[in-house]
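Down below is the structure, laid out as structure tokens.
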Amino acid sequence: DHLMMVVNASNVQKDLDHIQRIGKRFDATVVDESEQTALLALQGPEAARILQSLTDADLSAIKYYHLTVGTVAGIPDIVISRTGYTGEDGFELYFANQHAEKIWNALTGTGEVTPAGLGCRDSLRLEMGMALYGNDLDDTVTPLEANLQWLVKLKKGEFVGREALVRQKEGGIPRKLVGFTSEERAFPRHGYPVFVNGEPSGEVKSGTLSPTLGIPIGTAYVPAAFAAEGSQIEVEIRGKRVGAKVVKMPFYKDASHL
């Protein structure tokens, strides 16, 4: 058996060190293939139709969060994963570096694909309420606080960190990651101070003016008692406190993958 782990780019060495430490407890070999591997993500409601013309894999048979291996643009052994970080339907393609240009040209050569950078992706992932390491997540945050409990199966057996999570769940989760919107024109950015009941309560973790919704949106950790939908908070933007309201995420409700 083998596993492929795709980690946050800024955490490659830290995650690799951690995995290697844990791997010593098992009959396992850990290999870092980051420098030899390329990733292209094709995202959007038409992704399956466009990619199907370039691959022999039956994309309709791939469920979300599943993958297969197939030929893309004449290149075999491509990992085709129905995943993404945008909230839209789409695929992530993993392959050896030397094939990147050919696959890129094949995708853009369809005339239906527009290149998009990390700024575009960051707006999309925030509109969907998807957490980003370095903003919404860091070494001090637990999955229970970050609304990622669906990724942690406490009843599935022992794992690193399970005991701490059980204690936190039984003792009460002190803070929660929430989404908020504002009717003000000014929009929040990472690091802006947040206030609850007039008292400092951390900072904005992610924030922007939503290009789709046309309103300021953001995320922040607040005391669990104020995490309910409709709770009022304040964000300090350029020295002025503006009102904001806790809302249910995702902010954007009409994505092709929900």
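According to the numbering used here, the sequence shown is numbered sequentially starting from 1328.
We treat Cβ as the ideally placed atom computed from N, Cα and C, and that holds for glycine.
Burial state of residue i, where buried means 16 or more other Cβ atoms lie within 10 Å
i: P1543; result: buried
i: A1555; result: exposed
i: A1355; result: exposed
i: F1353; result: exposed
i: A1458; result: buried
i: H1668; result: Because the chain in this structure spans residues 1328 to 1585, residue 1668 falls outside the shown range and cannot be described.
i: A1547; result: buried
i: D1385; result: exposed
i: L1478; result: exposed
i: E1497; result: exposed
i: G1545; result: buried
For residue i, the nearest candidate out of the options (CA to CA)
i: S1509; options: E1530, L1394, Y1392 and E1561; result: E1561
i: Q1379; options: K1496, A1433, T1413 and L1330; result: A1433
i: G1401; options: S1387, K1429 and A1423; result: K1429
i: D1581; options: L1343, T1413 and I1389; result: T1413
i: P1577; options: G1529, G1498 and S1450; result: S1450
i: T1467; options: A1443, K1483, A1423 and R1502; result: R1502
i: V1406; options: E1511, G1545 and M1332; result: M1332
i: G1566; options: T1546, G1545 and F1522; result: F1522
i: N1524; options: Y1421, S1537, V1549 and R1348; result: V1549
i: D1328; options: F1486, V1493 and V1357; result: V1357
i: D1404; options: K1496, T1435 and N1424; result: N1424
i: E1273; options: E1373, A1443 and E1362; result: The structure shown does not extend to residue 1273, since the chain is modelled only from 1328 to 1585, so the question has no answer here.
i: R1568; options: T1539, P1527 and T1535; result: P1527
i: V1531; options: E1511, G1506 and L1540; result: G1506
i: Q1476; options: I1500, L1453, M1455 and E1454; result: I1500
i: E1362; options: A1375, A1427, Y1392 and R1448; result: A1427
i: E1454; options: P1538, Y1421 and E1485; result: P1538
Close-in-space but distant-in-sequence residues of the same chain around residue i (CB under 8 Å, 5 per side omitted)
i: G1411; result: A1368, Q1370, G1417, F1418, E1419 and H1584
i: L1394; result: V1406, I1407, S1408, R1409 and T1410
i: D1359; result: V1339 and L1343
i: I1377; result: L1369, L1434, T1437, E1439 and V1440
i: A1388; result: T1395
i: L1481; result: R1489, L1492, V1493 and K1496
For residue i, the residue or residues it bridges with in DSSP
i: Y1392; result: Note: Y1392 sits in no beta bridge, so no partner.
i: R1568; result: E1563
i: T1410; result: DSSP output for T1410 lists no bridge partner at all.
i: P1543; result: L1536
i: F1422; result: A1365
i: Y1460; result: L1464
Chain-order list of residues whose beta-carbon lies under 7 Å from that of residue i (same chain, five-residue window excluded)
i: D1383; result: G1397 and T1398
i: I1564; result: A1513, P1515 and Y1519
i: Q1559; result: G1570 and K1572
i: G1461; result: S1337
i: Q1495; result: T1469 and L1471
i: V1487; result: I1349
i: H1517; result: N1462, V1531, K1532, S1533 and G1534
Close-in-space but distant-in-sequence residues of the same chain around residue i (CB under 6 Å, 5 per side omitted)
i: N1474; result: L1504
i: K1575; result: E1556
i: L1536; result: F1514 and P1543
i: Q1347; result: V1357
Proximity test, residue i beta-carbon vs the ligand ATP heavy atom, cut-off 7 Å
i: K1503; result: Among the components of this structure there are no ligands whatsoever, and the ligand ATP is therefore not found.
Alpha helix (DSSP H) runs contained entirely in the segment 1468-1536, provided each spans 4 or more residues | 1489-1498
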